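Position 333 (the sequence shown) corresponds to 322 in my numbering; numbering is contiguous.
Notes for the one structure printed next.
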Amino acid sequence: MTDQEQPLVSPAVDPEDRAVEAALRPKNLDDFVGQARVRRQLSLVLEASRMRGRSADHVLLSGPPGLGKTTLAMIIAAEMNAPLRISSGPAIQHAGDLAAILSSLTEGEVLFLDEIHRMSRPAEEMLYMAMEDFRVDIIVGKGPGATAIPLDLPPFTLVGATTRAGLLPGPLRDRFGFTGHLEFYSTAELELVLRRSAMMMDMRVNSAAFAEVAGRSRGTPRIANRLLRRVRDWALVHGVDVIDARCAGSALDMYEVDAKGLDRLDRSVLTALVTKFNGGPVGLSTLAIAVGEEPETVETVAEPYLVREGMLGRTPRGRIATAAAWEHLGLVMPASIAAAMPEGLFPVYEDDPVSGVETALGSETEWSRNSG
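Here it is in structure tokens:
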């Protein structure tokens, strides 16, 4: 898979997404669909800040990609009637990079740092003082003669976004006044997202079609909106005026996104596990060779969703296909394999880079014993 061939169901943002998302993004919390718990808590934080006439507390938003962290950062700035400055962790590799950004902030401004876990350690340490005391020390000179010049900052609100909250050092996490973890959307919530998007794109879509697209969207609004655009293209080319479930299904079938949201790579991984390795366990590198992909692609693109759906297990001895995987492929798991597999085994490594699911270490050990 080349860099240009991003899967249709990837939660990562692509250039087309940026332009469309900007047009479809809600502008306030009332229009933001889903994440009811975080939305309710955040609304209270912002309302209290407005009543006090002060900048809002620093906010940390965590969770898988495509769920609305950037959108919420923009909404926070809009709700506080404050300007928004956007940067990212990878762009801040030196303390001086961060100092330049902080020193140019105006009072009440919202600074959004995406992928905040990827900041350099010196920049993180500078951020501690900036968040807590609204002050940074600028180091002038080198060696024993270096001096620290204190620089006062205007009150500001930092909104950090991360897909890997576990990589943030404790002192940084503790300085956020509010932490919100975004969760995958239900099908009903995704239907509401799609209805709003279809209205803004002037599309005519019936309820069954919304359900069809939502069911294949992996619980992720970014994917749902991307699939909706592909359905719109299919309908335009085929002269369909009102999009129904059959139309939506035909469009997504053409793009090889099945009813569970699995794409070609996902099915290739499961098929290889089942047909070439009798359900596993098999090592990641061997599995990647079997499907003609790089190990990193299999691990970061295909595995998180397959684990989340309970179709793939990750154990110390390798990857395994669960009963759900066999069933999805229309096959019956042999009794000998089913007997060796403990119930409820859907393990994933701790601090998974995409899914955020916790490790089931006990289940992994049990599978290892039963398989040995």
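Yeah, the Cβ is synthetic: ideal placement off N, Cα and C, and Gly gets one too.
A quick note: this is a predicted structure, and the numbers were derived from the prediction, not measured.
Q. D126 and M115: beta carbons closer than 9 Å?
A. For the purposes of this step, residue 126 is identified with residue 137 of the sequence shown, where counting begins at 1. For the purposes of this step, residue 115 is identified with residue 126 of the sequence shown, where counting begins at 1. Yes, the pair counts as a contact, with Cβ atoms nearer than the cut-off.
Q: Going by CA-CA distance only, name the one from P79, A150 and D163 that's closest to R110.
A: Residue numbering aside, residue 110 sits at position 121 when the sequence shown is read from its first letter. Looking at the Cα atoms, P79 is the closest of the given residues.
Q) Thinking C-beta only, is A154 closer than 9 Å to T176? A) Numbered from its first residue, the sequence shown carries residue 176 at position 187. Numbered from its first residue, the sequence shown carries residue 154 at position 165. No, these two residues do not count as a Cβ contact at 9 Å.
Q | Cut-off 8 Å between Cβ atoms - residues of its own chain near E172, not counting five sequence neighbours on either side | A | Counting from one through the sequence shown, the residue named residue 172 turns up at place 183. Taken in chain order, the residues that qualify are Q24, G52 and L56.
(Q) Is the beta carbon of V194 closer than 9 Å to that of L61? (A) For the purposes of this step, residue 61 is identified with residue 72 of the sequence shown, where counting begins at 1. For the purposes of this step, residue 194 is identified with residue 205 of the sequence shown, where counting begins at 1. Not a contact, by the Cβ cut-off of 9 Å.
Q) Among M118, F123 and R107, which residue has its Cα nearest to the Cα of L94? A) The sequence position of residue 94 within the sequence shown is 105, counting from 1. Minimum Cα distance to L94 is reached at F123.
Q. Between the segment 227 to 238 and the segment 183 to 202, are three or more C-beta pairs nearer than 8 Å?
A. Taking a cut-off of 8 Å on C-beta distances, the segment 227 to 238 touches the segment 183 to 202, as three or more cross pairs fall below it.
Q: Tell me, please, whether the segment 296 to 306 touches the segment 243 to 260 by the rule of three or more beta-carbon pairs shorter than 8 Å.
A: Cβ pair count under 8 Å is three or more, so yes.
Q) Hey, quick one: how far does the beta strand (DSSP E) through R74 stretch, first residue to last? A) Translated into positions along the sequence shown, residue 74 becomes position 85. Per DSSP, R74 belongs to the beta strand (DSSP E) from L73 to S77.
**Q.** Assigned secondary structure, I128 (DSSP; H/G/I helix, E/B strand, else coil)
**A.** Translated into positions along the sequence shown, residue 128 becomes position 139. Note: I128 maps to strand in three-state DSSP.
Q.
Quick check: what's the CA-CA separation for A329 versus A291?
A. On the sequence shown, position 340 is the one that residue 329 refers to. On the sequence shown, position 302 is the one that residue 291 refers to. Between the C-alpha atoms of A329 and A291 there is a straight-line separation of about 25 Å.
Q) Hey, would you say G269 sits closer than 9 Å to R308, going by beta carbons? A) On the sequence shown, residue 269 is found 280 positions in, with the first residue counted as 1. On the sequence shown, residue 308 is found 319 positions in, with the first residue counted as 1. Yes, these two residues count as a Cβ contact at 9 Å.
**Q.** Distance between L91 and V27 (C-alpha atoms, nearest Å)
**A.** Residue numbering aside, residue 27 sits at position 38 when the sequence shown is read from its first letter. Residue numbering aside, residue 91 sits at position 102 when the sequence shown is read from its first letter. So the alpha carbons of these two residues sit roughly 27 Å apart.
Q | Own chain partners of M118 with C-beta closer than 8 Å, once the 5 adjacent residues on each side are dropped | A | Indexing the sequence shown from 1 puts residue 118 at position 129. Answer for M118: R124, V125 and D126, listed in chain order.
Q.
Considering just the uninterrupted stretch of the alpha helix (DSSP H) at A279, what are its terminal residues?
A. The sequence position of residue 279 within the sequence shown is 290, counting from 1. Its alpha helix (DSSP H) spans residues L273 to V280.
Q) Roughly how many angstroms lie between the CA atoms of M188 and G42, to the nearest whole one? A) The residue you call residue 188 lines up with position 199 of the sequence shown. The residue you call residue 42 lines up with position 53 of the sequence shown. Whole-angstrom Cα-Cα distance: 36 Å.
Q: Within the same chain, show all residues whose beta-carbon is closer than 6 Å to that of E68, passing over the 5 residues directly before and after it, in chain order.
A: Here residue 68 refers to the residue found at position 79 when the sequence shown is read from its first residue. Correct list, in chain order: L35.
Q.
Going by C-alpha to C-alpha distance, which of P210, T136, D233 and S206 sits closest to E245?
A. Counted from its first residue, the sequence shown places residue 245 at position 256. Closest in alpha carbon position to E245, among P210, T136, D233 and S206, is S206.
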